[in-house]
Amino acid sequence: MYAFFSDGLVEGMAWMTVNKDSLHYNMMHKSQGIAYIFNHQTFDTKKCLERHGTDVDARKLSNCLEALGFDVLVFKDLKLAEIIYHVNQAVIMDHTNYNCFLLIVLSHGDQVLLYARDEPYNPDEILWDQFTADKCPTLAGKPKLFLLQSCQGLNTDPGIKLVQRPVRTETDGQFLSYRIPIYADFLIIYATFKGHYAFRNRGAGSYFITVLCEELEKLAYKENLLTILTIVNRRVAVEFESNHKDPDKNDKKQIPYFKSSLTRLVQFLDITNAITD
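Residues in the sequence shown are numbered consecutively from 232, following this note's numbering.
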């Protein structure tokens with residue numbers, strides 16, 4: 232026996248948001264979606280130094296995302312229990328009228344862990360594992376975006392100089408349906424490659440966040456998100472070199488990267504100027 236819910240679906244089902252062969256996600260809902268920003272500056276443990284400049288990143292991101300039509304919620308220096316609470320609130324939220332979901336963490340970290348104010352945690356378990364299609368059905372088939380501005384380890388990247396080569400020459404039934412994996416439609420964006428430092432400036436914030444916001448402001452309605460992120464990768468890789476008082480961390484390079492199980496292109500539309508009834 233199937234257990235029918237009030238919306239007419241049974242357990243293990245979610246409403247289709249776009250035709251199964253569509254190249255793009257449906258980005259024409261009433262709102263882009265909720266954007267959580269977990270901003271960490273101070274920590275209880277002395278192992279984690281104060282993250283000067285993180286408020287600059289949070290402010291840039293908040294302004295950029297609000298301009299795109301996101302409902303932005305910024306949380307400062309949360310303990311792990313508070314992070315879990317707010318994540319759970321997002322999971323049980325009705326995202327039916329949203330295009331996507333975005334969660335950003337600005338904190339310390341390494342290859343495996345992120346740091347809450349009071350203790351470290353595994354983002355696989357605490358963050359994106361909670362938003363699978365079976366746990367959060369109103370986000371099924373929609374982009375679930377996660378962005379981590381944190382170190383991924385202690386290594387630094389010395390870079391390599393590239394020199395240009397000399398040029399020599401020139402069903403018909405109650406439900407029309409299709410199944411998707413529960414881990415489909417995730418995009419996880421890292422400020423730096425695994426095992427490496429992510430650099431941040433006390434006054435200007437992080438170069439990655441600065442470039443990301445600049446490119447979103449220029450290209451959000453012109454290019455799909457993966458194209459924008461590729462441009463961000465190139466700019467950070469080519470333009471950035473660290474300026475650090477520690478010689479081992481000075482004059483180093485940084486490369487962001489992302490992991491994707493997206494099944495379509497994310498193309499933001501200007502819903503802020505859309506005419507509504």
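For each residue, glycine too, the CB sits at the ideal point set by N, CA and C.
- If you draw a straight line from the Cα of Gly300 to the Cα of Thr285, it is about 23 Å long.
- Annotation: Gln498 to Ile462 spans about 15 Å, alpha carbon to alpha carbon.
- For Val249, same chain residues with a beta-carbon under 8 Å away, outside a window of 5 residues either side, are His255, Tyr256, Asn257, Gly372 and Arg495 in chain order.
- Distance from Ile486 to Phe424 at the Cβ level is roughly 5 Å; contact confirmed, criterion being Cβ atoms closer than 8 Å.
- Residue Ala422 holds the alpha-carbon nearest to the alpha-carbon of Ser381 among Leu457, Ser262 and Ala422.
- Counted as a single uninterrupted DSSP element, the stretch harbouring Gln380 is not any alpha helix (DSSP H) but the beta strand (DSSP E) occupying residues Lys375 to Gln380.
- Scanning its chain for C-beta atoms nearer than 6 Å, with the 5 sequence neighbours on each side dropped, one finds around Asn330 the residues Met258, His260, Gln263 and Gly264, in chain order.
- By alpha-carbon distance to Lys251, the top candidate from Val336, Lys449, Asp416 and Ser491 is Asp416.
- Within 10 angstroms of the beta-carbon of Pro368 lie 16 or more other beta-carbons, which makes it buried.
- Across the set Glu313, His283 and Arg290, the C-alpha of His283 shows the shortest separation from the C-alpha of His339.
- Taking C-beta atoms as the reference points, Ile419 and Lys366 fail to come closer than 8 Å.
- Straight across, the Cα-Cα distance linking Asn319 with Glu281 is about 27 Å.
- DSSP, read as helix, strand or coil, puts Lys476 in coil.
- If the five residues before and after Tyr346 are omitted, its C-beta is found closer than 7 Å to the C-beta atoms of His271, Phe274, Cys279, Ser338, His339 and Gly340, all from its own chain and listed in chain order.
- Among the bridge pairs identified by DSSP, Gly436 is matched with Asn432.
- Contact between Leu358 and Phe332 is absent: CB atoms are separated by about 11 Å, not below the 8 Å threshold.
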